[in-house]
Ligand SMILES: Nc1ncnc2c1ncn2[C@@H]1O[C@H](COP(=O)(O)OP(=O)(O)OP(=O)(O)O)[C@@H](O)[C@H]1O
Ligand SMILES: Nc1ncnc2c1ncn2[C@@H]1O[C@H](COP(=O)(O)OP(=O)(O)OP(=O)(O)O)[C@@H](O)[C@H]1O
Ligand SMILES: [Mg+2]
Ligand SMILES: [Mg+2]
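Protein chains in written order, with this note's numbering: chain X, 1 to 228; chain B, 229 to 456; chain E, 457 to 817; chain P, 818 to 1178; chain F, 1179 to 1436.
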């Protein structure tokens, strides 16, 4: 019975349901791995941008300008071109430039500059009085970063992470060009190119569920970390 | 002489230099128009999200949940699929669904949800004491939005706008699917699909110039609007 | 409740919720402020003073009870009415809450945005206010470039901008030096006298209360312990807390410490005693010390005193070392007692002292 | 410069730059604080007090000059040395600067992060500190849930957490009620006495200076006008500003206002005069009023007084209405003059007064 | 549209990818020489699906990017009323490899990449079938999908990736199938580097469906201007421009003289 309903409602998807499940797994895999790595890197570079900025706690013109420029360059390259340009490097780093594995590296390179900017922006909102107070307590730069900048920006970081995660999901639809697969790619290949509406709907719903979970997690985290 | 050097350095681009100039114009046109409209809309929806939020100054569950959901849905749809799905609406709204003109509407629909979230995030950083102080002065909701939320968040809004602008430039590389053209599309067609390195470089440099100008404008604006 | 009451709090309670458990910050608060009052609110840190004053203009919502201002029930006001109401209520926040992205000028201009004044008159008014709080040279500075006291002064100027009918001051002078405090208090007093503006003022400085308030309320742990006119509350405190408050701010209490530490300053010779005299109902026309010195041949040697004129009466007292014949000292005590002075013997070096001293405690 | 000086500022200047033009906030400041001092800094709002104190631990960079603390030149310290140095310097900020995302407990724990204490000892220390500032029940509250005074108390606890050698207090008690202020000052005094901790304290409350400081400096528009030990500065102020400061905080100044307003309280009968007596070098053992009352048959009718013991000397004075025979009054004036009391006739209703009164001004 | 109203009419042509400027320059020369007053305006799509949609929506006059097989599929899916008004070119599709030199060397479980667009994925599968590596469901016509593979004796892992990336991805693959044009642009030679290709013969049963064609709406089937343009395209000088520029990546689908 249920099978019939599904077949009726999803005439095309039901035929390639294993491909669809595979795509969901691929999206989750790419999201988890690339997301985690970009989170770490973005946090790192965002902090570097912040502290090396003129007037920052470790003001360093050279590092700041270099990183600032590199991020601008990376953000200027259309993602699809970046994927292509990265292929040799991707192979070097992860062993293959193809498939879901090969898609993760370009995803990381694609999203990290964006996330770094978001983090820089999030941390810039800190009340300078708090930094002073940390300095007065004899905090080292590392301690200032951890105990003041990061700790006090958690709500802003959560918001930045939520926005970036959703963007990452968006980018993961593009890595189909190296066979990365994923839900977005499924939607494009079946829904868009083969005009199978049910594939589009199912994909968008799957993505919506992921995005909604991200947003919900973000919100509940925000509630727990906002104290005014 | 110079011509020769250019021909030498840019063997492929020099053959289609008019196409490239056209692409630059297209990018600027898309960026300016879609950017302006999305800025206005994103600001509006970001504010609506903020004020209608539970505990917001105009808390309204229905509006908030509706908008929140719509934004999530729009952010869940892979952009290329969104473009295709929007075609009839695009034609209705702007008269054509193809070319640079036809690309602007999907760009607006694609970037506005992102920008709305960014604005929501930017405005969420406001010290609640300032809102109280505004209320104590007898401010209406509108006045609170204008004189407190927006005015006091200008640095955060500038940062969000900078980030969003760069993202918009990124999205404009994708609207090639409806013949939108632009630098990104030029890079994809010549540099990526035809492996003409000079086309890639020239495009990336052009995009980098635009992105750098956006970042510089953002920074100088920030300097002018940050008072601590 | 009084006919004249301008601000009235009836059975106001306010709780903050932390997860499920409630913190009751105001408990059944009843308060009456008449038109033209300068009403002081004092109490320990955390007593609920800020919360109380924030209930008056509805910035804080009530858990139960009712606040009426000028016959309007504040919690019933909405929209335009509420805004209209609030425009007539100036508020100085404990944390100032200046707009960081606006200059001093801009902060005040913001308060004047709907004043209906022409641009020129607005500028004039801003100038007036800046001069009033003596901060003209900081006109174009941003709050982050101001000192604590300068911020507070801008907050004061902002609260006064629209000629409010009611002024709510949450520690309006805590960051100000005595001179500036004095001139601002003087100004508030003048405003009150000339325009009949009603002022509610939270303060930790008893000096401020004595200087400008005509009424005072003492709040402790969310409960109003005592309220009434300043002189009667201060001269005759019913509650131990009020007493403690007054004592701590008085010079007289220092002697207690000296005694506690057995300082050489309070070492008595045989026959001397240390007295604390507190005026309760003494007019300026009584020369008590001269009188006893001559009548009973005693020496009144003032080691601490704190006497001031509050609401046209003498308030305060002194601590003195009394020396002389035993009889003279005894007679002095009796005499002072008759004159309505509260006498407390805080150290006694008479060889065998009479019970009369104890009586006067 | 003194051998003993523990904190030393030499020709310190500090300017803030606004576009191209500089605002000179500290001008050639020289300051000496000895080990174990409780050093008060007073001055008008905006005088540069906060800026000065922030130069001591190098939170504010100097434009020129040198600050030495415990023989280390602060601006030369970097990296680990600087951090080590700062860990020994507790600071209470005027704006508290608590970490909003940490509870009261968390804020104090943060200060203890490198204390080397075991977890258990840390908890114990936090408990001690919370008890000290009497805020144990707010252990798990976030700063946004605290009242102004509670925040300040957390800031105090935090500054004290690491047993600093130097404590910099920028208005450490401005948001506190007198009782809490007193207990905290008492604690600081004890700390100072027992552990020899050096304290620099900015305050607007003269009471605080008199209560715990042994030295005081007056700063005006970035210039140190006067510095020295509290009694000599207060009893004998060289600078008009110091005088004004002391006067404004004294009860005696109220009489001036009554006179200005020609209040009935200061209406004299024929032959009476109003005197202001200021003690400069009076010990507790002199019974001046008794003396003159008996000797010259005058009535000394105190209408305001403000006498306290500061550094074991009497400080302050009184305002009194003097009545009696013309000769007695004249003799009284002469006598007081001899006794080193500064006498000022502030109102005179004698039919024809003698030049002697003027002499004593 | 292409209607003449006195002045030179504008014809809007939808193309996908790089707009073959060199080829069209030659076409314009021919038109000018013939005295045909027409202005050609190109809309370059990155994707054929929307180009067809735009043609149906009358936003374009005709298109040149798709082959018969894709057109057939699109008409079947969306019911377009289109007509073929001429044949233009063939973009040969071959199997390339960096690891092997002949399809014989394909091993069990090898990875093979095929284009990820609907236009060429089916065609690539047909090439693999022709090479004897797989069999696809014949009933699916010229546009089978990976799901339509009926026999996969080598258990090949078929990856659908962007054809433009296939040359770069070859090190990760046993083989990849892409257009000669892309191969040439990436420094591969269809002659020496291809390990398998179907001989280009416009009449070959397996080539015919993949000839790129001019497509207009059926109502414009006989539009004179369009015919003029198609004629101007199918000329020797155009063939020369095409062969010079694309070095065999694109082949004229008409008889021409070198
Ligand atoms: N960042 C800054 N930029 C410009 N001017 C500043 C800045 N910080 C302080 N000032 C100015 O320096 C002067 C001294 O400020 P400071 O905070 O030291 O005063 P203060 O004596 O502590 O006053 P208060 O008692 O009001 O706290 C003030 O006039 C203030 O406006
Ligand atoms: N948002 C809140 N959540 C929980 N508790 C709060 C909140 N705001 C205030 N409180 C608590 O309510 C009590 C009263 O606070 P209030 O600010 O009214 O005190 P106050 O009398 O103004 O003290 P102070 O003189 O220190 O400013 C305090 O114990 C405080 O911790
Ligand atoms: Mg308070
Ligand atoms: Mg200060």
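Beta carbons are placed, not taken as given, at the ideal position from N, Cα and C, and that holds for glycine. Remember, predicted model here, so these are calculated numbers, not experimental data.
Taking 8 angstroms as the threshold (C-beta atoms), are residue j and residue i in contact?
i: residue 276 (chain B); j: residue 285 (chain B); result: no
i: residue 761 (chain P); j: residue 858 (chain P); result: This structure gives no information on residue 761 (chain P), because the portion of chain P shown stretches from 818 to 1178.
i: residue 71 (chain X); j: residue 116 (chain X); result: yes
i: residue 824 (chain P); j: residue 890 (chain P); result: no
i: residue 258 (chain B); j: residue 332 (chain B); result: yes
i: residue 346 (chain B); j: residue 309 (chain B); result: no
i: residue 407 (chain E); j: residue 375 (chain B); result: Look at the range of chain E in this structure, 457 to 817, and you will see that residue 407 (chain E) is not part of it.
Helix, strand or coil: which one does DSSP assign to residue i?
i: residue 383 (chain B); result: helix
i: residue 871 (chain P); result: helix
i: residue 1208 (chain F); result: helix
i: residue 220 (chain B); result: Since the first residue shown for chain B is 229 and the last is 456, residue 220 (chain B) is missing from the structure and cannot be characterised.
i: residue 126 (chain X); result: coil
i: residue 857 (chain P); result: strand
i: residue 543 (chain E); result: helix
i: residue 227 (chain X); result: coil
Using a C-beta to C-beta distance shorter than 9 angstroms, which residues of chain X count as neighbours of residue i?
i: residue 903 (chain P); result: 135, 136, 137, 138 and 139
Please compile the residues from chain B whose C-beta is within a distance smaller than 9 angstroms of the C-beta of residue i.
i: residue 1300 (chain F); result: Simply none; closest approach about 20 angstroms.
In chain P, what lies closer than 8 angstroms to residue i by C-beta?
i: residue 477 (chain E); result: What residue 477 (chain E) touches in chain P: nothing, since even the nearest Cβ is about 11 angstroms away.
i: residue 750 (chain E); result: 1110, 1111 and 1114
Residues of chain F with a CB under 9 angstroms from the CB of residue i: which are they?
i: residue 201 (chain X); result: Simply none; closest approach about 16 angstroms.
i: residue 102 (chain X); result: 1347 and 1350
List the residues of chain X whose Cβ lies closer than 8 angstroms to the Cβ of residue i, in chain order.
i: residue 436 (chain B); result: 72, 73 and 76
i: residue 346 (chain B); result: 163
Starting from the beta carbon of residue i, find every residue of chain E whose beta carbon is closer than 7 angstroms, and list them in chain order.
i: residue 455 (chain B); result: 556, 557, 598 and 600
i: residue 358 (chain B); result: 553 and 555
i: residue 1125 (chain P); result: 707, 710 and 760
Kindly examine ligand 5 and report whether one of its heavy atoms sits closer than 7 angstroms to the Cβ of residue i.
i: residue 474 (chain E); result: Among the ligands in the structure shown, ligand 5 does not appear; only ligand 1, ligand 2, ligand 3 and ligand 4 can be found there.
Using the beta-carbon of each residue, which ones in chain B are nearer than 7 angstroms to residue i?
i: residue 212 (chain X); result: 300
i: residue 532 (chain E); result: What residue 532 (chain E) touches in chain B: nothing, since even the nearest Cβ is about 16 angstroms away.
How would you list, in chain order, the residues of chain X whose beta-carbon sits under 7 angstroms from the beta-carbon of residue i?
i: residue 432 (chain B); result: 76 and 77
For residue i, which residues in chain P fall below 9 angstroms Cβ to Cβ?
i: residue 154 (chain X); result: 918
So which residues on chain F does residue i lean against when the C-beta distance must stay under 8 angstroms?
i: residue 420 (chain B); result: 1342
Show which residues of chain F have a CB atom less than 7 angstroms away from the CB atom of residue i.
i: residue 178 (chain B); result: Missing from the structure shown is residue 178 (chain B); chain B here goes from 229 to 456 and no further.
Show which residues of chain E have a CB atom less than 8 angstroms away from the CB atom of residue i.
i: residue 379 (chain B); result: 555, 557 and 558
Next on the checklist: What are the residues in the segment 495-507 of chain E lying within 9 angstroms of chain P by C-beta distance?
Outcome noted: 498, 499, 500, 501, 502, 503, 504, 505, 506 and 507
Next on the checklist: Threshold first: 3 residues or longer. Then list the beta strand (DSSP E) segments lying entirely within the segment 1100-1165 of chain P, N to C.
Outcome noted: 1116-1127, 1130-1140 and 1159-1165
Item to check | Sequence ranges, beta strand (DSSP E) only - wholly within the segment 1216-1296 of chain F, length at least 3 | outcome: 1216-1223, 1240-1245, 1260-1268, 1271-1274 and 1289-1293
Checklist entry - Looking at chain F, which residues of the segment 309-322 of chain B have a Cβ within less than 9 angstroms of any of its Cβ atoms? => result 311, 312, 315, 316 and 319
Checklist entry - Residues in the segment 1303-1330 of chain F with C-beta within 7 angstroms of chain X's C-beta atoms, listed in sequence order? => result 1325
Next on the checklist: Using a Cβ-Cβ cutoff of 9 angstroms, what residues of the segment 1218-1249 of chain F are near chain B? List them in chain order.
Outcome noted: 1220, 1221, 1222, 1223, 1224, 1225, 1227, 1228, 1229, 1231, 1232, 1235, 1237 and 1238
Next on the checklist: Could you tell me which whole beta strand (DSSP E) segments of length 3 or greater appear in the segment 961-1026 of chain P?
Outcome noted: 983-987 and 1015-1019
Checklist entry - According to a CB-to-CB cut-off of less than 7 angstroms, which residues of the segment 989-1000 of chain P neighbour chain E? => result 991, 992, 993, 994, 995, 996, 997 and 999
Checklist entry - Along the segment 659-686 of chain E, what residues have a CB closer than 7 angstroms to any CB found in chain P? => result 660 and 662
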